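Working notes, structure below.
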């Protein structure tokens with residue numbers, strides 16, 4: 032008897048679906064087992080998203096497990112990073128350097144499988160996620176990087192940069208405000224190779240989100256200008272495949288695929304419940320889930336035929352080999368572009384960088400301009416920008432105040448993807464996280480501007496940059512009460528100190544044009560973490576230096592002025608307060624007071640110097656020290672000690688013209704002179 036065609040088709044489809052679910056169940060089993068072994072973790076999301084991941088990685092992802100750094104790989108970001116075992120399972124199954132023993136060490140000290148995905152620990156992890164929503168913003172940056180590089184380097188017949196960025200998000204990611212900042216901009220820019228997969232399971236830690244999150248997310252993303260695919264069954268491989276195919280063919284805007292899933296899918300008693308979100312299922316429930324899923328293997332056991340079906344090493348190498356052949360042709364026709372692209376992706380600076388920067392520093396020093404350090408920053412950018420096509424920047428709606436627009440800036444928008452400047456709008460958090468994504472993608476050195484006070488909005492993305500050790504330059508202007516009339520809501524007081532307290536965040540507060548260009552050089556050369564540049568609104572005088580002093584700026588702290596005779600006291604200052612320190616020291620030294628002035632634009636760089644240099648600048652025998660900075664004073668106790676004085680501001684600011692505010696807080700020659708005189712008499 033011949034089976035009817037429609038029945039045969041249904042049978043084949045059913046068989047394929049069954050086989051795919053077996054592959055997805057490998058993710059579920061490994062995730063259950065690893066969380067149970069660690070007695071810590073989140074099994075619910077991996078179990079709920081397993082079918083989505085199986086289709087994405089087996090049917091669509093272009094990647095090579097043998098070379099996780101292939102330039103033209105697709106990027107996958109798990110913004111809902113608590114579900115990290117899904118990603119670790121997929122990386123293991125597809126053939127990355129992540130063995131079964133690594134999965135058994137989930138959440139253990141120094142393992143390659145930390146509790147949340149961490150960039151630099153595990154091959155195939157594109158960014159550190161966990162703080163919800165930030166991975167989504169990072170993905171926007173990666174998609175922006177792909178499109179901008181493609182527009183810059185691709186040539187007819189050579190689409191050498193041509194890849195997608197996929198990002199998974201959960202309800203929690205979309206509750207976080209950063210999701211609005213980043214996705215609104217992504218829609219405006221028309222980032223068509225960005226595809227978001229929404230794991231819509233309606234459960235968060237506190238339970239069913241219906242009590243606190245009833246947004247129509249599909250309508251929301253349509254309003255952003257995204258291509259939205261609604262009502263996809265997140266456990267139906269064919270629906271998932273069709274949705275992804277449709278999204279990939281829609282290149283004029285980013286795509287948002289709403290996948291309805293069951294958290295903890297496969298668990299008979301905890302599936303669909305918050306109890307599967309952030310705790311082990313328990314051995315009894317895992318045994319029931321195994322039976323329910325038809326998974327007849329021991330913990331951490333994956334049979335060879337399932338490994339074979341998942342293994343992507345051969346296919347991935349073939350994809351890269353094909354790309355390499357095309358790239359060889361590109362290299363032959365466009366050698367200059369090839370060299371520049373490879374240099375950029377490697378994160379290397381031009382061969383003549385050091386010589387060019389020394390020329391720029393000498394030129395800026397010879398001009399001796401007295402300008403606000405925010406203006407000095409723009410002067411530095413105008414000089415450096417033409418040397419670095421990878422330098423991409425913008426401002427959070429403060430371009431004219433931050434002075435981040437360069438003479439060679441070309442604005443990026445939906446119609447002009449090949450630029451180097453972004454109007455981010457009022458999106459400080461989104462801007463910083465998107466710039467993290469640009470840096471992580473490779474080929475760019477991003478910078479972003481806002482007022483120092485609004486670093487508070489960007490704080491967690493700053494921390495993530497420092498944690499991931501990515502080069503992201505933060506241009507923070509209006510750095511103190513010198514902001515003036517806008518008052519305490521806008522006047523930074525504690526921000527410099529708290530940024531300095533952040534591990535791996537380098538903070539520069541330069542005092543004039545020369546220190547500012549050196550700060551920019553340090554930020555660009557620092558490939559192991561972010562740098563914050565704290566810049567003034569008000570004009571700062573140019574300070575004369577010897578060549579040795581100019582060279583010493585790069586050490587973070589150096590002697591700017593010395594008395595003719597013995598040093599009786601050391602005056603330490605930064606930024607806009609250096610000029611005040613110099614004026615007071617000059618007057619007192621004319622009377623034989625013996626005051627040394629130390630400019631310390633970067634405390635972390637100074638602290639990293641050898642003991643000999645630190646003792647040369649701050650002689651241990653000289654206990655009479657005063658630190659002067661228009662910000663909270665406690666930070667400076669590490670330099671002035673119990674015998675010293677810190678002239679700072681330990682309250683919020685005041686609304687008044689800048690000079691009046693400085694006088695109100697005692698930042699005058701008279702007050703500083705009295706403090707030094709009193710200290711010398713002790």
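In the working numbering, the protein residues as written are 32 to 713.
Yeah, the Cβ is synthetic: ideal placement off N, Cα and C, and Gly gets one too.
If you're wondering where the values come from, they're calculated on a predicted model, not measured in any experiment.
Unbroken alpha helix (DSSP H) run spanning residue i, endpoints
i           : result
residue 609 : 609 to 620
residue 417 : It is not in any alpha helix (DSSP H) - residue 417 carries neither H nor E in the DSSP assignment.
residue 716 : Residue 716 lies beyond the range of the chain shown here (32 to 713); nothing can be said about it.
residue 432 : 430 to 433
residue 390 : 384 to 398
residue 702 : 700 to 711
For residue j and residue i, the rounded distance between their alpha carbons
i           : j           : result
residue 508 : residue 193 : 37 Å
residue 402 : residue 516 : 20 Å
residue 645 : residue 581 : 17 Å
residue 138 : residue 448 : 41 Å
residue 270 : residue 96  : 27 Å
residue 73  : residue 236 : 10 Å
residue 489 : residue 467 : 12 Å
residue 592 : residue 134 : 58 Å
residue 208 : residue 460 : 9 Å
residue 685 : residue 661 : 13 Å
residue 34  : residue 49  : For residue 34, the predicted model reports a pLDDT of 38, less than 50, meaning its position is unreliable; a value from the coordinates is still stated below. Their backbone Cα atoms lie some 20 Å apart in a straight line.
residue 464 : residue 327 : 43 Å
residue 218 : residue 257 : 5 Å
residue 480 : residue 427 : 6 Å
residue 395 : residue 415 : 12 Å
residue 411 : residue 553 : 12 Å
residue 694 : residue 512 : 11 Å
residue 143 : residue 78  : 21 Å
residue 39  : residue 47  : Legend: pLDDT at residue 39 = 46, less than 50; position of this residue unreliable, value from coordinates given subsequently. Rounded to whole angstroms, residue 39 to residue 47 spans 12 Å at the Cα level.
residue 272 : residue 286 : 14 Å
residue 709 : residue 483 : 33 Å
residue 242 : residue 697 : 52 Å
residue 358 : residue 92  : 20 Å
residue 622 : residue 597 : 13 Å
residue 457 : residue 264 : 36 Å
residue 190 : residue 184 : 8 Å
residue 631 : residue 413 : 25 Å
residue 308 : residue 588 : 50 Å
residue 450 : residue 314 : 55 Å
residue 608 : residue 713 : 24 Å
residue 385 : residue 420 : 16 Å
residue 492 : residue 613 : 37 Å
residue 667 : residue 640 : 18 Å
residue 254 : residue 487 : 28 Å
N-terminal and C-terminal residue of the beta strand (DSSP E) that residue i is part of
i           : result
residue 426 : 422 to 426
residue 477 : 476 to 482
residue 119 : Segment 115 to 125 is the alpha helix (DSSP H) holding residue 119; no beta strand (DSSP E) there.
residue 196 : 196 to 201
residue 627 : 626 to 630
residue 590 : 589 to 592
residue 584 : No beta strand (DSSP E) holds residue 584; DSSP gives it neither H nor E.
residue 358 : First-last for residue 358: 344 to 364, but that is the alpha helix (DSSP H), not the beta strand (DSSP E).
residue 604 : 600 to 604
Beta-carbon proximity of residue i to residue j, cut-off 8 Å
i           : j           : result
residue 351 : residue 551 : no
residue 664 : residue 679 : yes
residue 653 : residue 590 : no
residue 424 : residue 558 : no
residue 436 : residue 452 : yes
residue 216 : residue 259 : no
residue 240 : residue 261 : no
residue 248 : residue 293 : no
residue 405 : residue 514 : no
residue 503 : residue 477 : yes
(request) Check whether the stretch 488 to 504 touches the stretch 530 to 550, taking contact to mean three or more Cβ pairs, one atom from each stretch, closer than 8 Å. (result) yes
(message) Please give the ranges of any alpha helix (DSSP H) in the stretch 130 to 162, keeping only runs that are unbroken, at least 4 residues long and fully inside the region.
(response) 131 to 135
(request) Could you tell me whether the stretch 75 to 91 touches the stretch 218 to 233, using the rule of 3 or more Cβ pairs below 8 Å? (result) yes
(request) Report the residue ranges of all beta strand (DSSP E) runs contained in full by the stretch 209 to 278; include only those spanning at least 3 residues, in chain order. (result) 225 to 231, 258 to 264
(message) When you compare the stretch 342 to 350 with the stretch 518 to 530, are there three or more beta-carbon pairs, one atom per stretch, that lie closer than 8 Å?
(response) no
(request) Specify whether the stretch 316 to 327 and the stretch 60 to 74 touch according to this definition: at least 3 beta carbon pairs, one from each stretch, less than 8 Å apart. (result) yes
(message) Quick test of the definition: if touching needs 3 or more C-beta pairs under 8 Å, does the stretch 104 to 117 touch the stretch 299 to 307?
(response) no
(message) I want to know whether the stretch 561 to 574 touches the stretch 537 to 548 - three or more CB-CB distances under 8 Å.
(response) yes
(request) Scan the stretch 66 to 123 and note each continuous beta strand (DSSP E) run of 3 residues or more that stays entirely inside, going in chain order. (result) 106 to 109
(request) Note down, one range per segment and in chain order, each alpha helix (DSSP H) of at least 4 residues found wholly within the stretch 640 to 693. (result) 642 to 648, 668 to 671
(request) May I have a chain-ordered list of the alpha helix (DSSP H) segments no shorter than 4 residues that lie completely inside the stretch 516 to 564? (result) 526 to 532, 544 to 556
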